[in-house]
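Novice: This is the structure I have questions about; it appears just below.
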Amino acid sequence: MKIAARQRWVVLIALLTLALTAAAWVRDADKSSAAEVVETPARAPRHTRATQAVAPPVERVTLEKLRAHGLNANAADPFAPRNWRKAVPTSAASNAVVIVAPAPPPTAPPLPFVYMGKLLSEETTAVFLIQGERNLIVREGDVIDATYRVERLAEAGLTLTHLPTGIQQTLAIGEPQ
């Protein structure tokens, strides 16, 4: 064997011996603590005849006087299904016709666009809009996100139709005339 292997074996045997010695020492310590004498508690003094005479007499009850707690034929079935909902009383008020006010007409939300500028050319006019983080270039007839349609471009404003409600809105894009 090589020297390193011998040293490894010597160290392992030393550790094994140390572990066995520690286990034996702990076992001996447990035996010595288990051998200790445990004192029994002192008994409570027994009642004497004098204390029994002072106690109030206990009334004896005969079995005939006791009432039986059995189920009779009129008792409800304990295994029947139960309905825990309250019974709704039927009255004339519940049968009355309730007239609901008509809902207010729908309104279009405020325009989500900001006007940035316009480009005039001989053929068409393009308007630059911002919607959140998006830049849009729109012309007459364009549809924006299937929600708005550009109806008319004028010098003073851009007319948009909110498609779900059909309401027209105007966005100011220049000086009014």
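Numbering (numbering that gives the first Met the number 0), first residue to last: 0 to 176. C-beta atoms are modelled at their ideal positions from N, C-alpha and C, and glycine is treated no differently. Bear in mind that the values here come from a model prediction, so they are computed numbers and not experimental data.
Nearest-angstrom Cα distance between Lys85 and Asp76?
Specialist: Cα to Cα, Lys85 sits roughly 20 Å from Asp76.
Novice: Give every residue of the same chain whose Cβ lies closer than 6 Å to the Cβ of Leu118, excluding the five residues on either side of it in the sequence, and list them in chain order.
Specialist: For Leu118, where only same-chain residues beyond five positions count, the Cβ hits under 6 Å are Ala125.
Novice: Leaving out five residues before and five after Thr158 in sequence, what residues of the same chain have Cβ atoms less than 7 Å from its Cβ?
Specialist: Cβ neighbours of Thr158 beyond the five flanking positions: Glu150, Arg151, Gln167 and Thr169.
Novice: Determine the extent of the beta strand (DSSP E) in which Lys117 is found, giving its start and end residues.
Specialist: First-last of the beta strand (DSSP E) with Lys117: Val113 to Leu119.
Novice: So, with DSSP's three-state summary, where would you put Ile12?
Specialist: Three-state DSSP puts Ile12 in a helix.
Novice: Hey, is the segment 98-106 in contact with the segment 128-136, meaning 3+ C-beta pairs nearer than 8 Å?
Specialist: No, the segment 98-106 does not touch the segment 128-136.
Novice: Would you mind reading off the limits of the beta strand (DSSP E) that contains Ala171?
Specialist: Per DSSP, Ala171 belongs to the beta strand (DSSP E) from Ile166 to Ala171.
Novice: What did DSSP end up calling Ala256 once you bin it into helix, strand or coil?
Specialist: The structure shown does not extend to residue 256, since the chain is modelled only from 0 through 176, so no value can be given for it.
Novice: Quick check on the burial criterion: 16 or more other C-beta atoms within 10 angstroms. Buried or exposed for Phe112?
Specialist: The residue in question, Phe112, is buried, as its Cβ has 16 or more Cβ neighbours within 10 Å.
Novice: According to the Cβ coordinates, are Ile162 and Thr146 closer than 8 Å?
Specialist: The sequence given here has Leu at residue 162, not Ile. Result yes, Cβ atoms of Leu162 and Thr146 sit closer than 8 Å.
Novice: On the three-state DSSP scale, how would you describe Val20?
Specialist: In the sequence as presented, Val is not what sits at residue 20; that position holds Thr. Three-state result, Thr20: helix.
Novice: Provide the residue(s) that pair with Asn82 in DSSP beta bridges, ordered along the chain.
Specialist: The partner list for Asn82 (beta bridge, DSSP) is empty, contrary to what the question assumes.
Novice: For the beta strand (DSSP E) containing Ala125, name the first residue and the last one.
Specialist: Residues Thr124 to Gln130.
Novice: Using the Cβ count rule (16 or more neighbours within 10 Å means buried), how would you classify Val25?
Specialist: Its Cβ having fewer than 16 others within 10 Å, Val25 is exposed.
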